[in-house]
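Written below as structure tokens is the structure these notes are about.
2 protein chains.
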Amino acid sequence: MKKKFLLTPGPTPVPEEVLLTQAAPIIHHRTKEASEIIMSATEDLKKVFKTKNDVLTLTSSGTGGMEGAIANTLKEGDKVIAIACGKFGERWVEISRAYRLNVVVIDREWGDYPDPEDIKKELDKNPDAKAVLSTLCETSTATLGCIKEIGELLKDRDTLHIVDAISGLGGDNIEVDNWHVDICVAGSQKGLMLPPGLAFVTMSEKAWRFTEQSNLPKYYFDFKAYKKSLGKSTTPYTPAITLIIGLRKALDLILKEGIDNVLHRNAVMAEATRKAVKALGLELLSKKPANTVTAIKAPQGVDGAEWKNLLAKKYGMNVAGGQAQLKGKIIRIAHLGYIDPFDILAVISAIEMSLKELGYPVKIGEGIKSAEEVLSTL
Amino acid sequence: MKKKFLLTPGPTPVPEEVLLTQAAPIIHHRTKEASEIIMSATEDLKKVFKTKNDVLTLTSSGTGGMEGAIANTLKEGDKVIAIACGKFGERWVEISRAYRLNVVVIDREWGDYPDPEDIKKELDKNPDAKAVLSTLCETSTATLGCIKEIGELLKDRDTLHIVDAISGLGGDNIEVDNWHVDICVAGSQKGLMLPPGLAFVTMSEKAWRFTEQSNLPKYYFDFKAYKKSLGKSTTPYTPAITLIIGLRKALDLILKEGIDNVLHRNAVMAEATRKAVKALGLELLSKKPANTVTAIKAPQGVDGAEWKNLLAKKYGMNVAGGQAQLKGKIIRIAHLGYIDPFDILAVISAIEMSLKELGYPVKIGEGIKSAEEVLSTL
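Protein chains in written order, with this note's numbering: chain Y, 50 to 427; chain L, 50 to 427.
Pasting the structure below:
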């Protein structure tokens, strides 16, 4: 018998109470029962996003929400500033180019993120930029973006603040209203503890104003249709209703704990992991580590892919590896959703044992000791 | 105690065996286990579509697949012939206009569908049409499109044959290869007996050739990215993996019965319903009724919405009402997916009892007698 741990930054484990909702007989999405669930989940999502803005629920992966953010607010040839620095930041660049926008790219070494001053400089050079496209947690490098500071830079400009919080929402703090975020995109399979299949998008008044001048083609992701349907307590197209029913249950769990308590728990688990990593003489990839996920460099002489496979096969610890240019160079451990301190202790223990097996000189117990010291503050 | 029957043309009931897969612990979508499920489901979907073409799985409602069919193959200003005749045929017109295509609309009274000769005339008038956009089963009117005949018209022309089989697949017969269908779009929550959240798209060689000249913007629905990822046994963006696992199970059930046996069962249930309707002195809406769903006109003096509500509240029979211009005028009963002959008998019995209660002079027992005569041939 070996338990399986899922410690990837999406999908994250789905709580048993939520899983059971998925096995209930299906209901039709155009019923009073479904409408009540859709509307109450929409209201409660606002508490997680910390916003009074509209929240739209799309049946797609988070990428669909990113595309919709672009297609609904911009015009062909519009200038946007996209912050790259990782696989998901680069997705902003790709989507913008697919829609023939004029993209100014701010790039950094993977694991880094530009400082607010650098972004301000780009904005001053490009006062005609219609949007800044940023990432709350760049999952591929486990790096935190300076979303609050970007909000300060943009709040008085005619430039939209569009944030990919797909992995970040419920992992790292984001305050959509206080931080002047115009469009915030999230996904179901991360901090919201659901299977993948839903994307969520917040839309500020300013963002809705931009939709009036947008001329990019769209249909399935036409946000105005979603807003109109929300006014009738429904969605324009058939939604993944079973996932929305799961969302209702997951939000119960999150709001019972309290979103700030959830974020604090994540922060402590992330800090415990970082301390443990250092105690073992390992290195973090990120210069600005997020609390959603931690990226650990494979030490000299250890192949990251082999390490990841050993963790999964021998210890049942399913962690993420590196993507694109980081393939085989890092492992990534999630700290969000239905993951608790003892899951973190377990994965650090498996890291110690697996590294020993791979010939890396690890002091068994040093990592879990450091982690426990931090976790005991919870 | 009152059992609930779901007899809507999507979502259809989900078999218990499939529901249970939805409550299993989630797996990561970038694993060997997930890849094997994705690839074997893709292969088995080909048997349902009766094709050797590529089958792409999108995480979206069927509408996303329709949009993708347009956005991947056409250019701005291209001429297309869209067959309207119902809410979903009109969706083809709306999507085409959203992408600024030059749309020639063939319309008919709701409940009718153009004959092949009429479509041929339009094609001869518009030899530059790049695509004909049709519907296998127009769910809003329960009407069958002449897909096979359109295929004959198009097979030697430089015009794509694009079919919305969202409600129709697994309900009415479609033979993608034999009928020269270039793009066939389907959804998960109909004949495939799953919750909503997945769309499926077949792409012929001819359709792939058209993608080379398409210049419409797309990203999430960029079919080339899906094809490239299928080559690596995966999907380009995070898929609704729990639904794909459910699909694997649902396909087991469908292929065990055999797709032609499934279609025969649906056909017999549809015929039983039509016979019962006539025996009760009621009228069908459709002049060309599909086997996927039957639309029954509310008789003189009976309000369709009230009738539908009575069926749901008193008898637990959840049927569909009319949409758009048919609101309050019809009820619709599905015959596809996890619906068996005794479900049909039950709903016809409830129709008899509810009509009696609403003051319509019904001969109790005449409908179920006629239905049983047909069902006994199964």
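Cβ coordinates follow ideal geometry from the N, Cα and C atoms, glycine included. All values reported here derive from a predicted model rather than from experimental measurement.
Where do the ends of the alpha helix (DSSP H) carrying residue i lie?
i	result
L394 of chain L	390-406
A383 of chain L	Per DSSP, A383 of chain L belongs to no alpha helix (DSSP H); it is in the beta strand (DSSP E), 379-383.
V423 of chain Y	415-424
K357 of chain Y	353-364
K53 of chain Y	Run containing K53 of chain Y: none; DSSP gives neither H nor E here.
S145 of chain Y	136-147
V311 of chain L	308-328
L182 of chain Y	It is not in any alpha helix (DSSP H) - L182 of chain Y instead sits in the beta strand (DSSP E) that spans 180-184.
I168 of chain L	165-174
A344 of chain Y	Counting along the chain, A344 of chain Y falls outside any alpha helix (DSSP H), though it belongs to the beta strand (DSSP E) covering 342-346.
D93 of chain Y	81-98
F272 of chain Y	272-279
K197 of chain Y	196-203
V67 of chain L	65-71
Does the beta-carbon distance from residue i to residue j come in below 9 Å?
i	j	result
M115 of chain Y	R140 of chain Y	yes
K81 of chain Y	Q262 of chain Y	no
L375 of chain L	S216 of chain L	no
S49 of chain L	A325 of chain L	Look at the range of chain L in this structure, 50 to 427, and you will see that residue 49 of chain L is not part of it.
G295 of chain L	Q71 of chain L	yes
P288 of chain Y	H77 of chain Y	no
L209 of chain Y	T122 of chain Y	yes
I211 of chain Y	I119 of chain Y	yes
L150 of chain L	L172 of chain L	no
L329 of chain Y	I232 of chain Y	no
T91 of chain Y	P244 of chain L	no
G107 of chain L	M252 of chain L	Looking at the sequence provided, one finds Leu at residue 107 of chain L rather than Gly. Cβ atoms of L107 of chain L and M252 of chain L: not closer than 9 Å.
I168 of chain L	V181 of chain L	yes
L334 of chain Y	K327 of chain Y	no
K255 of chain L	D177 of chain L	no
G117 of chain Y	V230 of chain Y	no
N175 of chain L	I130 of chain L	yes
V396 of chain Y	V368 of chain Y	yes
D392 of chain L	F54 of chain L	yes
A247 of chain Y	I303 of chain Y	The sequence given here has Leu at residue 247 of chain Y, not Ala. Contact: no.
A73 of chain L	R381 of chain L	no
Note the first and the last residue of the continuous beta strand (DSSP E) segment covering residue i.
i	result
F249 of chain L	247-252
T106 of chain Y	103-108
A131 of chain Y	128-132
N151 of chain L	151-155
L209 of chain L	209-213
K118 of chain Y	Looking at the sequence itself, residue 118 of chain Y is Ala, so the reference to Lys does not match. Per DSSP, A118 of chain Y belongs to no beta strand (DSSP E); it is in the alpha helix (DSSP H), 111-122.
A235 of chain Y	232-236
Which residues in chain L have a C-beta closer than 8 Å to the C-beta of residue i? List them in chain order.
i	result
P149 of chain Y	First, the amino acid is wrong: residue 149 of chain Y is Arg here, not Pro. Ordered by position in chain L, the residues that pass the 8 Å Cβ test against R149 of chain Y are P266.
Report the neighbours of residue i on chain L: residues whose CB is nearer than 9 Å to its CB, in chain order.
i	result
T112 of chain Y	Y268, Y269, P285, Y286, T287
Given that residue i touches chain L, what residues does it touch there, using C-beta distances under 7 Å?
i	result
E116 of chain Y	Y268, Y269
G246 of chain Y	T108, G246, A289, L292
Please list, in chain order, the chain Y residues whose beta carbon lies closer than 7 Å to that of residue i.
i	result
T260 of chain L	Under the 7 Å cutoff, chain Y gives no residues; its nearest Cβ is about 14 Å from T260 of chain L.
At a CB-CB cut-off below 9 Å, which residues of chain Y make contact with residue i?
i	result
L55 of chain L	P74, I75, I76, H77
Please list the residues of the segment 59-80 of chain Y that have a C-beta atom closer than 9 Å to any C-beta atom in chain L, keeping them in chain order. Here the close residues are G59, P60, T61, P62, V63, E65, L68, L69, T70, Q71, A72, A73, P74, I75, I76, H77, H78, R79, T80.
Are the segment 230-242 of chain Y and the segment 104-111 of chain Y touching by the rule of at least three beta carbon pairs closer than 8 Å? Yes: the two stretches touch, three or more of their Cβ pairs being nearer than 8 Å.
Specify whether the segment 159-173 of chain L and the segment 315-332 of chain L touch according to this definition: at least 3 beta carbon pairs, one from each stretch, less than 8 Å apart. These segments do not touch.
Name, going along the chain, the residues of the segment 347-375 of chain L whose beta-carbon falls closer than 7 Å to a beta-carbon of chain Y. Per Cβ criterion, the list reads N367.
Below 8 Å, can you find three or more Cβ-Cβ pairs linking the segment 327-340 of chain Y to the segment 128-138 of chain Y? No: fewer than three Cβ pairs fall under 8 Å.
At least 3 beta-carbon pairs within less than 8 Å: the segment 385-402 of chain Y vs the segment 50-68 of chain Y: Contact between the segment 385-402 of chain Y and the segment 50-68 of chain Y is present, because at least three Cβ pairs lie under 8 Å.
Proximal residues, the segment 216-240 of chain Y versus chain L, C-beta separation under 8 Å: Across the segment 216-240 of chain Y, CB contacts with chain L closer than 8 Å involve G236, Q238, in sequence order along the chain.
Examine the Cβ distances between the segment 275-288 of chain Y and the segment 354-373 of chain Y and report whether three or more of them are shorter than 8 Å. Not touching, per the Cβ criterion.
If the cut-off is 8 Å on Cβ atoms, which residues from the segment 133-146 of chain Y count as contacting chain L, listed in chain order? Answer set for the segment 133-146 of chain Y: E143, I144.
Specify whether the segment 88-96 of chain L and the segment 300-308 of chain L touch according to this definition: at least 3 beta carbon pairs, one from each stretch, less than 8 Å apart. Yes: at least three Cβ pairs fall under 8 Å.
Can we say the segment 177-187 of chain L touches the segment 216-225 of chain L, given the rule of at least three CB pairs closer than 8 Å? Judged by Cβ distances under 8 Å, the segment 177-187 of chain L makes contact with the segment 216-225 of chain L, as three or more pairs qualify.
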